[in-house]
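Chemist: Okay, here's the structure, questions in a sec.
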Amino acid sequence: MPLLRVRDLVKTYQVGDVAVRALRGVTLDIHSGEFVAVVGPSGSGKSTFMHILGCLDHPTSGEYWLEDRDVSRLNDDELSEIRNRQIGFVFQGFNLLSRTSAVENVELPLLYGKSVSASERRKRALAALDAVGLADRAEHHPNQLSGGQQQRVAIARSLLNNPSILFADEPTGNLDSRTSVEVMDIFQRLKEERGITIVLITHEPQVAEYGSRIIAFKDGQIVSDEANSRQRIAVGELALLPAG
Amino acid sequence: MTIGSSVSIALRALSRNKLQTALTTIGMTIGVATVLTMIALGSGAEAAIEQQVRAAGMNLIVVTAGNYKAKTEDDGGGVVDHQARWDADSRVRQGRLRPVFSPQPSALSPRVVFAAFHPEDDPMEKHDHPTARQRLGDTEAGLGMAATLTPADAEAIRKLRGVQYVSEGIHENIHLTAGDKRWFTRYHGGDVSLPSIRRSWTFTSGRFFTEREQSKQAPVVVLGAFVADKLYGDVNPVGQQIMLWKQPFQVVGVVGSSSFMMTPAAGDDQFDAIYIPFTTIHQILNLSKLNDITITAASTGEVTRVSKDVTELLRARHGISMTSPDDFTVATQARQSLAKGGLRPDVARAVVGNVGGLEKVTLEQLGRTLDRATKTMTALLGSIAAVSLIVGGIGIMNIMLLSVTERTREIGIRRAVGARAGDVLRQFLVEAIALSVIGGLAGILLGAVASGIIAQMLRWSTSISPASVALSFAVAAAVGVFFGYYPARQASRLDPIESLRFE
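Chains A and B supply the protein sequences, listed in that same order. Numbering of the first sequence is given in my numbering, commencing with residue 6 and proceeding in unit increments. Numbering of the second sequence is given in my numbering, commencing with residue 6 and proceeding in unit increments.
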C-alpha cells in the first residue's frame with residue numbers, strides 16, 4: 006500500500022475574474038522510502054502540489070490519501086495535527102524564527118501537539134541538532150549562522166517529531182554548490198538510515214538527479230514520471246569537492 | 006499547547022521588543038493608576054465623611070441618669086427639677102426606686118434650686134482654679150444625683166441588636182497631685198471600649214486600661230494630653246504615679262486627639278481630663294450607680310432604632326409604668342452636632358445646604374444621603390478615569406495589529422510545524438493580556454504611590470481597598486482580552502501558505 010495516494014487532484018485559484026487552474030488532475034502514488042524529485046518550470050503547479058501534499062492547502066477536487074486517511078476531507082485542526090506529527094518541511098528561505106536561538110527553533114514542533122516537558126523538548130532538540138552536526142551552535146541565532154547551517158537547523162526542526170515524509174521546497178535555492186551537496190547528502194542518508202520518504206521540489210535538473218524517482222510537471226499536469234537510473238550520490242561527490 | 010508555554014512564548018516575544026512593550030504598557034499603567042487613584046480618593050472621601058459623621062457623634066447615643074431640663078440663664082444658674090416635683094416622691098413612695106440622694110423636703114417645692122448661690126458665681130471674684138462654668142459639666146454632675154443607671158443596665162444594653170460599644174460613665178471633678186504639681190480637672194470613669202467610641206483619640210504614649218485592670222479594679226489612670234502636658238511637660242508620664250483621693254494611681258497612657266480639627270485645650274472635656282476604670286471608682290468611692298451610659302450604634306442609620314430600643318429596655322428594667330415619664334434621658338447627637346459644627350465646617354455646610362428640611366430628616370435618611378453623595382462622586386471619578394483605560398486598550402490593540410503584520414512569517418512557520426489556528430489565536434491573545442496585566446500591575450503600584458502622595462499633600466484621606474486593587478487588575482485583564490481578541494483572530498485566520506511567502 007502506497008504511503009501517498011493521489012487521485013485526479015485539481016486545484017483552481019480565483020484571481021480576480023480569472024480562474025487559474027494550478028493543478029489539472031494529478032494522479033500519483035508515492036511509496037514509503039522513496040526519494041522523489043519533482044521538477045518543472047515555475048508556474049507548473051509543483052509548489053501547489055507540494056502544499057496540498059503537505060496539508061497546508063485543500064484541493065478543489067480529487068482525493069488525497071495519506072496512509073489510510075482521506076486528507077482532503079479533514080478540517081484545519083486535523084491538518085495541523087498531521088503537519089505536526091507526520092510531515093516535515095524544509096524551505097528555500099529556511100524559515101527560521103529570527104531572534105530565537107537554533108535550539109529553540111528546533112523545539113518549535115514540540116510546542117504543539119501532545120505536551121512534552123520543557124527539559125524533554127530541550128533534550129530532543131539538542132539531539133536533533135547533533136544529528137545535523139550543529140551541536141555546538143545550539144545557542145546561536147539564525148543571523149549568526151551561515152546559509153548551510155541555517156538549512157541544517159531547519160532540517161533538524163523538520164525531523165523532530167519523526168515524520169514519515171519530508172517535503173523540501175527548493176532547499177538548495179539559496180545555497181552554494183558545496184552546501185547544496187551537503188544538504189542532499191543529509192537527505193540521502195535520512196532515506197537510507199531512517200527510511201524517511203522525501204519529496205524534493207526543484208527547478209534544477211542537476212539537483213533532481215539526487216532523487217530515486219523524478220516527476221516532471223508542466224501546466225498543472227505530470228508529463229513524466231520515471232525511476233532515476235543515473236542517481237547522483239552526494240557522499241561520493243563530497244569527497245571529491247574541495248573542503249569548504 | 007499548555008498555558009504555561011503560551012505565557013512563556015508571549016513573554017519572550019514581548020521581551021524581544023522592550024521599548025515597544027514598555028511604551029504600550031505605559032498606556033495601561035497610566036489608565037489603571039488613574040482609576041485606582043480616583044477610586045482611592047473617592048472612597049477615601051467616603052470614609053472621611055463616614056468617620057467625620059461618627060466622630061461628630063452621628064452614631065452616638067448618650068443615656069443620662071435623670072430627666073431634667075436646665076432652666077434658662079436668667080434663672081440664676083440654678084437648675085429646676087421638673088420631674089422631681091411630682092414624680093420622684095411618688096416613685097419613692099411606691100418603693101420602686103430609691104434615690105441615693107434623698108431630696109430635702111424643700112426640694113419638693115415647685116422650684117427646686119440647687120446651688121442657688123456659690124462663691125464661684127460671683128463675677129467679681131478672682132479664682133486660682135477653673136470655675137464651674139469652665140469646668141464643663143459641673144451642673145450635670147449635680148443632676149447626676151438622680152442616680153438611676155446601673156452597670157447592670159449597661160450590661161443589658163450591650164446585648165441589644167445593633168449596639169456596637171457601650172461605656173459606663175461616671176464623672177466628677179477632682180484634684181490630682183503628681184509630685185509637687187497639682188491640677189484641678191475632671192475624671193471620667195469608663196469602660197475599656199471608650200477609645201473605640203471616641204474615634205478621634207490617639208494614644209501619644211502608653212495605652213488605655215485593659216479589660217483585666219478594669220475587672221480587677223486596678224488603680225490605673227490614663228491622662229488627657231493637656232493634663233499630661235501640665236503635670237509632666239516633655240517627660241513621658243507612663244509609669245509615673247499620681248495621687249487621687251490620696252491614693253497612688255499608676256499612669257498607663259496619655260490620650261491625645263488624632264483629628265486636626267480638635268486640639269487639646271484647657272477645660273475641654275476630653276483632654277483636660279483623666280480616665281479611670283469605672284469599677285475602680287465604684288470600689289474606692291463605694292458607689293454603685295452611673296451618671297450616664299454612652300452607646301454607639303453599629304451603623305449610623307440605626308441610631309434611631311437603637312435609641313428607641315434602649316429607651317424601652319430601660320423603662321422595662323426600671324419598672325416605669327406606661328403613664329410615667331422616663332427617669333433617664335436618651336440623647337442622640339446627630340442634629341445637635343451638625344448645627345453646632347461638630348462636623349467639619351465644610352461638610353456641615355454641604356449637608357445643611359443640600360439636605361432640604363434638615364430638621365425633619367431622620368438620621369437614617371441623612372446617612373443614606375451622605376452615602377449616596379459620596380458613592381456618586383466615586384463612580385464619577387472612576388468613570389472619568391475609565392476613559393484612560395480605553396485609550397490604553399486601544400494602544401494595545403494598535404500594537405498587536407502591527408505585531409501581527411510584522412510577524413506574519415512567524416505565524417506561517419508556526420502553522421507549518423503544526424500550530425492550529427487556535428494556538429496562534431491564543432498566543433497573540435496571551436501576549437495582549439500580558440501587556441495589559443504587566444501595565445496593570447505597574448499601574449496598581451503607581452496608583453498606590455500616587456494616592457499616598459495626594460493623601461500627604463492634600464491631607465485628604467485615601468484608602469486603597471483590596472477590592473479596588475482586584476477590580477483594577479480584573480479590568481486590566483479584561484481590556485487585554487477585549488482589545489487583544491481582534492488582532493489575535495486576524496493572526497489565526499492568516500493563510501499558512503500566504504504567511505510563509507510573506508516578506
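We put the beta carbon where it would ideally sit given N, CA and C, even for glycine. Being a predicted model, the structure only gives us computed values, none of them experimental.
Looking at the ligand ADP, does it come within less than 8 Å of residue 125 of chain A, judged from the CB to the closest heavy atom?
Modeler: The model depicted lacks the ligand ADP and carries no ligand whatsoever.
Chemist: Excluding five sequence neighbours on each side, which residues of the same chain lie with their C-beta closer than 8 Å to the C-beta of residue 146 of chain B?
Modeler: Here residue 146 of chain B scores only 42 on pLDDT, less than 50, and its place in the model should not be relied on; the value that follows carries that caveat. Hits under 8 Å: 176, 177, 178 and 296.
Chemist: Closer than 9 Å, CB to CB, is residue 237 of chain A near chain B or not?
Modeler: No, its Cβ sits nowhere closer than 9 Å to a Cβ of chain B.
Chemist: Between residue 43 of chain B and the rest of its own chain, which residues show a CB-CB distance below 6 Å, the 5 nearest in sequence each way excluded?
Modeler: Answer for residue 43 of chain B: 386, 387 and 390, listed in chain order.
Chemist: Between B:245, B:197, B:186 and B:273, which lies nearest to residue 229 of chain B when the distance is taken from Cα to Cα?
Modeler: Of the candidates B:245, B:197, B:186 and B:273, the one whose C-alpha sits nearest the C-alpha of residue 229 of chain B is B:273.
Chemist: What separation, rounded to the nearest whole angstrom, lies between the Cα atoms of residue 25 of chain A and residue 92 of chain A?
Modeler: For residue 25 of chain A and residue 92 of chain A, the distance between alpha carbons rounds to 27 Å.
Chemist: In chain A, which residues lie with their C-beta within 7 Å of the C-beta of residue 502 of chain B?
Modeler: The answer, in chain order, is 56, 61 and 62.
Chemist: Would you list, in chain order, the members of the region 409–421 of chain B that have their beta-carbon closer than 8 Å to a beta-carbon of chain C?
Modeler: The structure shown has no chain C; the protein chains it does contain are A and B.
Chemist: Starting from the beta carbon of residue 7 of chain B, find every residue of chain A whose beta carbon is closer than 7 Å, and list them in chain order.
Modeler: In chain order: 120.
Chemist: Give the interface partners of residue 426 of chain B over in chain A, defined as CB-CB distance under 9 Å, in chain order.
Modeler: Going along chain A in sequence order, the residues near residue 426 of chain B (Cβ under 9 Å) are 81, 82 and 85.
Chemist: Could you tell me which chain A residues have their CB closer than 8 Å to the CB of residue 21 of chain B, listed as they occur along the chain?
Modeler: Simply 104.
Chemist: Since I believe residue 477 of chain B is in contact with residue 37 of chain B (beta carbons under 8 Å), could you give me their beta-carbon distance rounded to a whole number of angstroms?
Modeler: About 5 Å separates the two Cβ atoms, so the contact holds.
Chemist: Using DSSP with H/G/I as helix, E/B as strand and the rest coil, what is residue 137 of chain A?
Modeler: Residue state, collapsed to three classes: coil.
Chemist: Would you report the Cα separation of residue 53 of chain A and residue 15 of chain A, rounded to the nearest angstrom?
Modeler: Their backbone Cα atoms lie some 10 Å apart in a straight line.
Chemist: Does residue 389 of chain B get closer than 9 Å to chain A when you measure Cβ to Cβ?
Modeler: It does not: the Cβ of residue 389 of chain B has no partner Cβ on chain A nearer than 9 Å.
Chemist: When burial is assigned at 16 or more other CB atoms within 10 Å of the CB, is residue 219 of chain A buried or exposed?
Modeler: By the neighbour-count rule (16 or more Cβ atoms within 10 Å), residue 219 of chain A is buried.
Chemist: Out of B:212, B:314 and B:183, which has the shortest C-alpha to C-alpha gap to residue 163 of chain B?
Modeler: The shortest C-alpha separation from residue 163 of chain B is found at B:314.
Chemist: Are residue 485 of chain B and residue 395 of chain B close, meaning C-beta to C-beta below 9 Å?
Modeler: No, the Cβ-Cβ distance between residue 485 of chain B and residue 395 of chain B is not below 9 Å.
Chemist: List, in order along the chain, the chain B residues whose C-beta lies closer than 9 Å to that of residue 113 of chain A?
Modeler: The contacting residues are 418, 419, 422, 423 and 424.
Chemist: Can you tell me which of B:224, B:260 and B:199 puts its alpha carbon nearest to the alpha carbon of residue 208 of chain B?
Modeler: Ranking the options by Cα distance to residue 208 of chain B, first place goes to B:260.
Chemist: Roughly how many angstroms lie between the CA atoms of residue 88 of chain A and residue 105 of chain A, to the nearest whole one?
Modeler: If I take the Cα positions, the gap works out to 22 Å.
Chemist: For a contact meaning CB atoms closer than 7 Å, what does residue 10 of chain B contact in chain A?
Modeler: Result: 116.
Chemist: With residue 487 of chain B and residue 427 of chain B assumed to form a contact (beta carbons below 8 Å), what rounded beta-carbon distance in angstroms separates them?
Modeler: Rounded, the Cβ-Cβ distance is 19 Å, inconsistent with contact.
Chemist: According to the Cβ coordinates, are residue 158 of chain A and residue 68 of chain A closer than 9 Å?
Modeler: No, the Cβ-Cβ distance between residue 158 of chain A and residue 68 of chain A is not below 9 Å.
Chemist: For residue 143 of chain A and residue 108 of chain A, what's the separation of their Cα atoms in angstroms?
Modeler: Their backbone Cα atoms lie some 5 Å apart in a straight line.
Chemist: Is any beta-carbon of chain A found at less than 9 Å from that of residue 14 of chain B?
Modeler: Answer yes: the Cβ-Cβ gap between residue 14 of chain B and chain A drops below 9 Å somewhere.
Chemist: Please state the DSSP three-state secondary structure of residue 412 of chain B.
Modeler: Reduced to three states, the DSSP call for residue 412 of chain B is coil.
Chemist: Does the region 190–206 of chain A touch the region 223–230 of chain A, meaning 3 or more C-beta pairs lie closer than 8 Å?
Modeler: Segments in contact, no.
Chemist: Leaving out five residues before and five after residue 253 of chain B in sequence, what residues of the same chain have Cβ atoms less than 7 Å from its Cβ?
Modeler: Cβ within range, chain order: 224 and 246.
Chemist: Closest to residue 482 of chain B by C-alpha separation, out of B:195, B:288 and B:443, would be which residue?
Modeler: Checking every option, the nearest Cα to that of residue 482 of chain B belongs to B:443.
Chemist: Does any residue of chain A bring its CB to less than 9 Å from the CB of residue 493 of chain B?
Modeler: No, no contact with chain A.
Chemist: Is there at least one Cβ from chain A nearer than 9 Å to residue 24 of chain B's Cβ?
Modeler: Not an interface residue.
Chemist: Can you name the residues that DSSP bridges to residue 282 of chain B?
Modeler: DSSP output for residue 282 of chain B lists B:195 as bridge partner(s).
Chemist: Can you tell which of B:197, B:474, B:190 and B:257 has its C-alpha closest to the C-alpha of residue 210 of chain B?
Modeler: Of B:197, B:474, B:190 and B:257, the residue nearest in Cα terms is B:257.
Chemist: Could you spell out the range, first to last residue, of the alpha helix (DSSP H) harbouring residue 436 of chain B?
Modeler: Residue 436 of chain B -> alpha helix (DSSP H) spans 426–463.
Chemist: Ends of the beta strand (DSSP E) at residue 154 of chain A?
Modeler: Where residue 154 of chain A is concerned, there is no enclosing beta strand (DSSP E), although the alpha helix (DSSP H) it sits in stretches over 152–164.
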